[in-house]
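**Q** Quick note: to get my numbering, add 5 to the position in the sequence shown (first position is 1).
Yeah, the Cβ is synthetic: ideal placement off N, Cα and C, and Gly gets one too.
Before we start, here is the structure in question, set down as structure tokens.
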Amino acid sequence: MRTILFVLLSLSTASLSITSLSITATAQNVKVEEVGKSPIEAKFFSGGQVRMDLCSSGIELIGTDQPRLRVSYHPERDDVKVRIQVSGERADLQIANCPRNNFRATIEVPKSSALYVRMFAGELKVRDITGDKNVILHFGQLTMDIGKPGDYARVNASVNSGQLDIPPFSVSKGGLFRSFEQSGPGKHRVYAHVGAGQLELR
Numbered sequence: 006m007r008t009i010l011f012v013l014l015s016l017s018t019a020s021l022s023i024t025s026l027s028i029t030a031t032a033q034n035v036k037v038e039e040v041g042k043s044p045i046e047a048k049f050f051s052g053g054q055v056r057m058d059l060c061s062s063g064i065e066l067i068g069t070d071q072p073r074l075r076v077s078y079h080p081e082r083d084d085v086k087v088r089i090q091v092s093g094e095r096a097d098l099q100i101a102n103c104p105r106n107n108f109r110a111t112i113e114v115p116k117s118s119a120l121y122v123r124m125f126a127g128e129l130k131v132r133d134i135t136g137d138k139n140v141i142l143h144f145g146q147l148t149m150d151i152g153k154p155g156d157y158a159r160v161n162a163s164v165n166s167g168q169l170d171i172p173p174f175s176v177s178k179g180g181l182f183r184s185f186e187q188s189g190p191g192k193h194r195v196y197a198h199v200g201a202g203q204l205e206l207r
């Protein structure tokens, strides 16, 4: 009888240890801050939210199958600052001190990430990312792949001044204060806004 109780207690303790390890591996806390270094990486699992504050430049956001955030840029500059902070299922990413001319950066995130992105000016491209998207570019060109219209519960897109093109919904219009809203059967949401410039959802 004592032997059976000992075995049961051992199994229970092992189970708790495995559970603790699983929670630790999933709910991670990571902070990376680098100046003048490319690329920069931090582990980040699928299904989380990534909030970005991006400098004015040319930036491409790409979804990948890798459980990580990765920032690379060119040309390399000693004063470009990249900061990544991961807390559980949320990550905050910031790129600052970008040079004004010919600077381009690529940011890789897990495909199913939800995006919250703010960028003042430049060219911003988003592709192969299937989660919710909330993206604002004040001046410039925003191009975002959204795939099938049926994948979305709501799409909201607008420009204060410029061109709005959404081929999946057969929308193309330009001028002042152009907008588009659409509800659907899917589960994801898109909010995209450009202050002055061009917005394309394709």
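Quick check on the burial criterion: 16 or more other C-beta atoms within 10 angstroms. Buried or exposed for K138?
**A** buried
**Q** Expressed to the nearest angstrom, what Euclidean distance is found between the alpha-carbon atoms of I151 and R75?
**A** Between I151 and R75, the C-alpha separation is close to 22 Å.
**Q** At what residue ranges does the stretch 50-84 contain a whole run of the beta strand (DSSP E), taking only runs of 3 or more?
**A** 54-59, 62-69, 73-79
**Q** Which residues in the same chain have their Cβ closer than 6 Å to the Cβ of N102, if we skip the five residues on either side of it in sequence?
**A** Hits under 6 Å: D84, V85, K86.
**Q** Quick one: residues in its chain with C-beta nearer than 7 Å to the C-beta of P154, no 5 flanking neighbours on either side, listed in chain order?
**A** P173, F174, G189
**Q** With a CB to CB cut of under 7 Å and the five nearest residues on each side skipped, what residues in its chain are close to D156?
**A** Excluding sequence neighbours, D156 sits near G191, H193.
**Q** Please classify R105: is it buried, with 16 or more other beta-carbons within 10 angstroms of its beta-carbon, or exposed?
**A** When all chains shown are included, R105 counts as exposed.
**Q** Using a Cβ-Cβ cutoff of less than 6 Å, which residues in the same chain neighbour Q203 once the five nearest sequence positions on both sides are dropped?
**A** Q146, G167, Q168
**Q** Could you round the C-beta distance between L66 and K130 to whole angstroms and report it? I think they count as a contact, below 8 Å.
**A** Their Cβ separation, rounded to whole angstroms, is 7 Å, which keeps L66 and K130 in contact under 8 Å.
**Q** I need the straight-line Cα distance from V55 to L120, nearest angstrom please.
**A** Near 5 Å, if we compare the C-alpha coordinates of L120 and V55.
**Q** For a quick check, are the C-beta atoms of G52 and S117 less than 7 Å apart?
**A** yes
**Q** Kindly provide the ranges of any alpha helix (DSSP H) runs that are 4 or more residues long and lie completely inside the stretch 101-184, ordered along the chain.
**A** none
**Q** If I follow the unbroken beta strand (DSSP E) through S92, where does it start and stop?
**A** 86-92
**Q** Can you check DSSP and say which residues form a bridge with Q99?
**A** D58, R88
**Q** Between T148 and E38, what straight-line distance do the alpha-carbon atoms span, to the nearest angstrom?
**A** 28 Å
**Q** Give me whichever residues DSSP pairs with R194 in a beta bridge.
**A** R159
**Q** Excluding the 5 residues preceding and the 5 following E128 in the sequence, name in chain order all residues of the same chain whose CB lies nearer than 6 Å to its CB.
**A** G63, G145, Q146
**Q** Once DSSP output is grouped into helix, strand and coil, what is the label at S188?
**A** strand
**Q** Can you check whether the CB of I100 is closer than 7 Å to the CB of L59?
**A** yes
**Q** Between V176 and V199, is the Cβ-Cβ spacing less than 7 Å?
**A** no
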